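Undergrad: Residue numbers (our numbering), protein chains in the order written: chain G, 6 to 254; chain A, 6 to 254; chain H, 6 to 254; chain Y, 6 to 254.
4 protein chains.
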Amino acid sequence: MEPVEIRYLADESSDGPAILVGGLPGIGQVGKVAVDHILNELEAEKVAEIHSVYFPPQVVSRPDGTCRLVSNEVWRYRSPTSTYLFLIGDCQSVSPEGHYALAECYLDCAERYGVKRVFTLGGYGVGHLVDDPRVLSTVTHPHLRTVVEEAGGSFEPEEPGSGIIGAAGLIIALGGRRGMEGICLMGETSGYLIDPKSAAAVLRVFCRLTDLGISRDRLQGRAEDMEQALEQVREFERVRQNDELSYIG
Amino acid sequence: MEPVEIRYLADESSDGPAILVGGLPGIGQVGKVAVDHILNELEAEKVAEIHSVYFPPQVVSRPDGTCRLVSNEVWRYRSPTSTYLFLIGDCQSVSPEGHYALAECYLDCAERYGVKRVFTLGGYGVGHLVDDPRVLSTVTHPHLRTVVEEAGGSFEPEEPGSGIIGAAGLIIALGGRRGMEGICLMGETSGYLIDPKSAAAVLRVFCRLTDLGISRDRLQGRAEDMEQALEQVREFERVRQNDELSYIG
Amino acid sequence: MEPVEIRYLADESSDGPAILVGGLPGIGQVGKVAVDHILNELEAEKVAEIHSVYFPPQVVSRPDGTCRLVSNEVWRYRSPTSTYLFLIGDCQSVSPEGHYALAECYLDCAERYGVKRVFTLGGYGVGHLVDDPRVLSTVTHPHLRTVVEEAGGSFEPEEPGSGIIGAAGLIIALGGRRGMEGICLMGETSGYLIDPKSAAAVLRVFCRLTDLGISRDRLQGRAEDMEQALEQVREFERVRQNDELSYIG
Amino acid sequence: MEPVEIRYLADESSDGPAILVGGLPGIGQVGKVAVDHILNELEAEKVAEIHSVYFPPQVVSRPDGTCRLVSNEVWRYRSPTSTYLFLIGDCQSVSPEGHYALAECYLDCAERYGVKRVFTLGGYGVGHLVDDPRVLSTVTHPHLRTVVEEAGGSFEPEEPGSGIIGAAGLIIALGGRRGMEGICLMGETSGYLIDPKSAAAVLRVFCRLTDLGISRDRLQGRAEDMEQALEQVREFERVRQNDELSYIG
Chain G
6 MEPVEIRYLA DESSDGPAIL VGGLPGIGQV GKVAVDHILN ELEAEKVAEI
56 HSVYFPPQVV SRPDGTCRLV SNEVWRYRSP TSTYLFLIGD CQSVSPEGHY
106 ALAECYLDCA ERYGVKRVFT LGGYGVGHLV DDPRVLSTVT HPHLRTVVEE
156 AGGSFEPEEP GSGIIGAAGL IIALGGRRGM EGICLMGETS GYLIDPKSAA
206 AVLRVFCRLT DLGISRDRLQ GRAEDMEQAL EQVREFERVR QNDELSYIG
Chain A
6 MEPVEIRYLA DESSDGPAIL VGGLPGIGQV GKVAVDHILN ELEAEKVAEI
56 HSVYFPPQVV SRPDGTCRLV SNEVWRYRSP TSTYLFLIGD CQSVSPEGHY
106 ALAECYLDCA ERYGVKRVFT LGGYGVGHLV DDPRVLSTVT HPHLRTVVEE
156 AGGSFEPEEP GSGIIGAAGL IIALGGRRGM EGICLMGETS GYLIDPKSAA
206 AVLRVFCRLT DLGISRDRLQ GRAEDMEQAL EQVREFERVR QNDELSYIG
Chain H
6 MEPVEIRYLA DESSDGPAIL VGGLPGIGQV GKVAVDHILN ELEAEKVAEI
56 HSVYFPPQVV SRPDGTCRLV SNEVWRYRSP TSTYLFLIGD CQSVSPEGHY
106 ALAECYLDCA ERYGVKRVFT LGGYGVGHLV DDPRVLSTVT HPHLRTVVEE
156 AGGSFEPEEP GSGIIGAAGL IIALGGRRGM EGICLMGETS GYLIDPKSAA
206 AVLRVFCRLT DLGISRDRLQ GRAEDMEQAL EQVREFERVR QNDELSYIG
Chain Y
6 MEPVEIRYLA DESSDGPAIL VGGLPGIGQV GKVAVDHILN ELEAEKVAEI
56 HSVYFPPQVV SRPDGTCRLV SNEVWRYRSP TSTYLFLIGD CQSVSPEGHY
106 ALAECYLDCA ERYGVKRVFT LGGYGVGHLV DDPRVLSTVT HPHLRTVVEE
156 AGGSFEPEEP GSGIIGAAGL IIALGGRRGM EGICLMGETS GYLIDPKSAA
206 AVLRVFCRLT DLGISRDRLQ GRAEDMEQAL EQVREFERVR QNDELSYIG
């Protein structure tokens with residue numbers, strides 16, 4: 006097995022400008038939930054499968070009882086004006102070297118389809134529950150900033166202070182070295198749980214930047230379920246706190 | 006020394022269909038105990054020895070005072086209808102890259118003997134003592150599911166939720182890419198101790214899937230010894246709990 | 006992407022003896038703060054950019070909302086008598102192998118410019134606040150000791166007891182193997198916070214060893230701001246301690 | 006820089022049978038202290054120096070204020086009947102792969118001098134203070150067991166249960182694959198502190214197995230100093246324990 010293996014399952018044709026959209030697992034699973042949701046709403050086809058020794062040595066079970074090696078995948082969708090390539094999957098690299106090698110692999114695939122613009126969707130962990138998550142952004146070219154701001158993305162020079170770690174930032178930065186425009190959209194998230202609310206916020210900004218009219222209904226339904234679960238947690242904490250106070254008192 | 010070294014100690018002949026059975030160290034040592042037990046009951050011959058820089062830098066002592074480098078081994082046994090290759094040994098890889106390289110090595114060996122079906126035996130950690138361990142399973146091909154269920158294996162779509170990490174899953178998944186059928190049998194185990202009871206449960210399912218009539222008597226004796234030890238632990242915990250209760254009371 | 010990539014942005018000319026000065030991130034950010042300060046005071050030009058898979062998989066945001074891959078850089082400044090090459094940047098390696106590979110890369114760059122002497126500036130963590138930080142030193146050649154002592158550097162045979170870990174020591178030691186003279190200057194620092202006072206102490210010794218007349222005013226201003234912040238911490242601790250004492254009393 | 010570099014400083018001549026003796030840093034520094042002591046007592050010459058990217062990225066200070074890259078070294082001593090090669094130095098590998106690569110390097114060096122027997126000296130951590138440390142042993146060939154037992158070494162089939170991790174075991178096991186006889190002598194040690202008493206015990210067994218008449222006086226002096234330091238620790242603990250008891254009482 007090669008360190009990074011990509012297997013193409015379809016031709017490399019694309020209609021109109023080609024756009025890569027990455028949504029890999031990460032904090033709050035924000036990017037993964039957003040892109041998984043898009044693929045549930047669209048009729049896309051799988052065009053590539055990626056395996057790597059930099060992925061964890063892991064298999065995942067399918068509902069029919071079979072298993073498969075962890076992998077990432079690229080799915081293609083042709084909108085009226087563009088061709089979208091969605092990068093989704095099970096994992097990021099477990100080592101720094103692997104992160105670089107895999108990002109280059111994703112970009113090789115993007116070049117095959119003539120991609121000129123790359124989006125990466127992800128989460129930005131703030132360590133506390135967020136009622137109305139902002140979508141923090143970073144881009145590869147200054148002129149993209151206005152475009153993203155008009156779509157509702159925020160740029161906070163002080164955040165994220167320590168840089169963006171992982172595939173979302175790396176893919177657009179390495180893509181920039183190949184001449185691709187890159188936009189990274191990160192929804193604020195507590196990071197404690199899967200966060201569909203943050204994913205919906207990211208998706209709203211993302212859709213305004215493309216011609217994809219993705220309904221967020223199902224995602225918002227999932228966000229509401231998660232909110233109810235969280236509300237129960239909060240209620241439980243309030244009760245326990247009161248009990249403790251009355252005990253002390 | 007090469008990253009992974011396999012030394013063959015015998016010809017590559019096999020009679021009837023060849024079957025690989027992996028039982029490497031892991032949680033509760035379930036797979037290792039099961040396959041070590043099989044080899045104690047059969048007259049098998051060692052056919053290959055594997056060393057690797059991905060193994061820990063470790064030697065193990067033999068009863069005669071000598072030591073040897075940690076290694077994994079392959080043993081061959083010819084049943085009336087099939088040839089079995091048992092993969093046993095001291096360790097799994099210490100790095101993700103090593104896991105992939107070693108799994109490929111085991112499968113190279115399997116191909117040499119014309120293996121068409123691969124079993125891997127292991128444990129599935131649940132974090133609490135289990136009275137009657139189920140044998141959770143995953144397979145490479147849908148038609149194997151019925152076969153395994155009829156032999157007493159379980160398929161729980163929700164378990165193991167986070168995937169199966171390590172050699173047991175990796176070997177069958179990478180074997181599937183080479184066209185081999187794969188069955189992974191994982192006995193539920195607390196994971197706290199060596200678990201011969203879980204190994205016996207795995208063995209029962211395994212034997213029904215093969216023509217190997219392995220007595221589990223000795224294994225069950227060992228499981229009973231372990232149960233007695235555990236019973237003492239439980240008794241001790243009960244006493245202590247009562248003491249605490251009466252103290253509080 | 007190559008494991009270590011250096012991209013040269015200018016010719017390799019140098020006037021007079023060439024000198025490499027390394028100030029990479031590290032304990033108390035002492036070396037980084039010192040060399041960043043020098044570059045703020047001088048008109049230097051960027052001559053090389055280094056990327057590496059041994060760096061963390063990270064991007065950093067710029068004030069204009071764009072981001073860039075983490076990197077280290079080399080800047081050139083021609084003083085009346087010498088040519089200085091300043092090595093600064095975002096990070097050190099995340100693995101031992103990477104540390105060695107990157108140090109060799111920095112020295113390849115130094116050789117290109119004919120460097121004969123290498124300085125590395127850094128911190129020496131002592132785990133407590135230091136009022137008047139010494140500048141502990143180590144050198145590659147015995148005759149350099151007197152030179153450094155005359156400039157105010159200290160040599161304590163017992164310190165640092167466990168050796169110097171990271172780029173500052175490695176660069177001069179590997180440079181010594183290439184025939185370059187090396188001087189490592191480490192300002193004592195608590196290691197708790199960015200430490201401009203320690204950086205100023207290092208800079209004072211460093212400037213006496215070169216013909217660079219760098220004003221330390223701005224650095225000392227920054228050190229005073231930090232002192233005020235620290236004073237508030239100390240005051241807070243005194244108050245709390247008194248409270249605790251009166252409670253016990 | 007190559008992953009592992011050995012630089013030879015002398016010809017490869019040896020008189021009589023050649024013997025490699027390894028004493029690298031490790032638990033209680035037992036092996037290092039023992040071999041450092043031997044070299045203090047003998048007139049040996051340095052014949053090789055080893056650097057490696059698998060060593061920590063570290064330099065160590067010399068008393069004259071200069072520093073050097075961490076390294077291991079081989080020193081040669083010709084006794085009336087044999088040639089000894091002593092392997093000493095600053096470190097072991099930081100990764101499993103490095104451990105294997107370095108052990109092969111040491112053995113390449115041994116082969117250059119025609120070594121037929123390898124000793125490795127080290128510690129065996131027991132986690133509590135030991136009054137009269139045994140010297141636990143393991144060998145590559147069964148006939149060596151009697152030889153070692155007659156010299157005072159112990160063989161405990163149950164110890165060390167989890168195998169011997171690190172260079173001491175690896176060197177003799179990999180040497181065995183090259184046809185060299187190997188003897189590993191491990192002094193019991195608490196592992197808390199540098200343990201010259203354990204080193205002296207190892208040395209006593211080692212000397213009986215060679216024609217080296219090494220005085221252990223200085224080593225025992227050092228052990229007594231350490232004992233006094235330990236006695237103060239014990240006394241302090243007794244006092245504190247009594248205080249606590251009287252407080253409870």
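Ideal Cβ placement from N, Cα and C applies to all residues, glycine included. None of the values given here were measured: they were computed from a predicted structure.
Taking only the alpha-carbon atoms, compute the straight-line gap between THR143 (chain Y) and GLY27 (chain A) and give it to the nearest angstrom.
TA: 30 Å
Undergrad: Starting from ARG81 (chain Y), follow its DSSP beta bridges and name the residues at the other end.
TA: Y:GLU50 and Y:LEU90
Undergrad: Taking the beta strand (DSSP E) that CYS189 (chain Y) belongs to, which residues open and close that run?
TA: 186-194
Undergrad: Taking a Cβ distance cut-off of 9 Å, strictly less, list which residues of the segment 69-95 of chain H are near chain D, in chain order.
TA: No chain D is part of this structure, whose protein chains are labelled G, A, H and Y.
Undergrad: GLU116 (chain H) lies in the alpha helix (DSSP H); which residues open and close that run?
TA: 101-117
Undergrad: Is it true that the CB of GLY192 (chain A) sits closer than 9 Å to the CB of TYR89 (chain A)?
TA: no
Undergrad: Are GLU102 (chain A) and TYR59 (chain G) touching if we call contact CB-CB under 9 Å?
TA: Yes, Cβ-Cβ distance for GLU102 (chain A) and TYR59 (chain G) is below 9 Å.
Undergrad: In the DSSP assignment, the beta strand (DSSP E) including THR143 (chain A) goes from what residue to what residue?
TA: 140-144
Undergrad: Exposed or buried, what is PRO62 (chain A) when buried is set at 16 or more other beta-carbons lying within 10 Å of its beta-carbon?
TA: buried
Undergrad: Would a C-beta distance cut-off of 9 Å place LEU217 (chain Y) and SER18 (chain Y) closer than the cut-off?
TA: no
Undergrad: Suppose you measure from the CA of GLY36 (chain A) to the CA of LEU92 (chain A); what does that come to, to the nearest Å?
TA: 10 Å
Undergrad: So, is PRO30 (chain H) buried or exposed, given that buried needs 16 or more other C-beta atoms within 10 angstroms?
TA: buried
Undergrad: Ignore the nearest five residues each way along the sequence and tell me which others in MET6 (chain Y)'s own chain have a CB closer than 8 Å to its CB.
TA: HIS56 and VAL58
Undergrad: For the alpha helix (DSSP H) containing SER19 (chain H), list its first residue and its last residue.
TA: Premise fails: SER19 (chain H) is in no alpha helix (DSSP H) and is neither H nor E.
Undergrad: With 7 Å as the limit, tell me which residues of the segment 150-161 of chain G have their beta carbon closer than that to any beta carbon of chain H; keep them in chain order.
TA: ARG150 and PHE160
Undergrad: Rounding to the nearest angstrom, what Cα-Cα distance links GLY132 (chain G) and THR194 (chain G) in this structure?
TA: For GLY132 (chain G) and THR194 (chain G), the distance between alpha carbons rounds to 7 Å.
Undergrad: I'd like the list of long-range same chain contacts for ARG122 (chain Y), defined as Cβ closer than 6 Å, with 5 residues on each side in sequence excluded.
TA: ILE24 and GLU186
Undergrad: Can you pull the chain A neighbours of GLY171 (chain Y), defined as C-beta to C-beta under 9 Å?
TA: PRO62 and GLN63
Undergrad: In this structure, how does DSSP classify PHE211 (chain A) when only helix, strand and coil are distinguished?
TA: helix
Undergrad: Please identify, using Cβ separations under 9 Å, the residues of the segment 175-188 of chain H that lie next to chain Y, in order along the chain.
TA: LEU175, ILE177, ALA178, LEU179, GLY181, ARG182 and GLY187
Undergrad: For SER76 (chain G), which residues in the same chain have their Cβ closer than 7 Å to its Cβ, ignoring the five residues on either side in sequence?
TA: GLU54, ILE55, HIS56, GLY94 and ASP95
Undergrad: Taking only the alpha-carbon atoms, compute the straight-line gap between ILE199 (chain G) and LEU190 (chain A) and give it to the nearest angstrom.
TA: 30 Å
Undergrad: Just the Cα atoms here: how many angstroms apart are GLY196 (chain Y) and PRO162 (chain Y)?
TA: If I take the Cα positions, the gap works out to 21 Å.
Undergrad: Taking any Cβ of chain H, which residues in the segment 210-223 of chain G have a Cβ under 9 Å from it, in chain order?
TA: Taking a C-beta cut-off of 9 Å against chain H, none of the residues of the segment 210-223 of chain G qualify.
Undergrad: Could you give the residue range of the alpha helix (DSSP H) that holds GLU161 (chain Y)?
TA: First-last for GLU161 (chain Y): undefined, no H or E at that position.
Undergrad: Note down, in chain order, each residue of its chain lying with its Cβ closer than 7 Å to the Cβ of ARG227 (chain G), except the 5 sequence neighbours on either side.
TA: Correct list, in chain order: PRO201.
Undergrad: Which same chain residues end up closer than 8 Å to THR64 (chain H) when comparing Cβ atoms and leaving out the 5 residues on each side of it in sequence?
TA: In the sequence on display, residue 64 (chain H) carries Val and not Thr. Hits under 8 Å: CYS72, ARG73, LEU74 and VAL75.
Undergrad: Between the C-alpha atoms of CYS114 (chain Y) and GLY171 (chain Y), what's the straight-line distance to the nearest angstrom?
TA: 19 Å
Undergrad: When you compare the CB of TYR13 (chain A) with every CB in chain Y, is at least one pair closer than 9 Å?
TA: no
Undergrad: From LEU134 (chain G) to ALA206 (chain G), what does the alpha carbon distance come to, in whole angstroms?
TA: 15 Å
Undergrad: Alpha carbon to alpha carbon, how far is VAL38 (chain G) from ALA204 (chain G)?
TA: 6 Å
Undergrad: Leaving aside the five residues before and after ASP20 (chain G) along the sequence, list all residues of the same chain whose C-beta is less than 6 Å from its C-beta, in chain order.
TA: ARG83 and THR88
Undergrad: At a CB-CB cut-off below 8 Å, which residues of chain A make contact with GLY196 (chain Y)?
TA: Result: empty, since nearest Cβ-Cβ is about 17 Å, beyond 8 Å.
Undergrad: Using a Cβ cut-off of 8 Å, which residues of the segment 198-209 of chain G contact any Cβ in chain H, in chain order?
TA: Correct list: empty, as no residue qualifies.
Undergrad: Within 10 angstroms of its Cβ, does GLN237 (chain G) collect 16 or more other Cβ (buried), or is it exposed?
TA: exposed
Undergrad: Going along chain Y in order, which residues have a C-beta closer than 7 Å to the C-beta of MET6 (chain A)?
TA: TYR105 and GLU109
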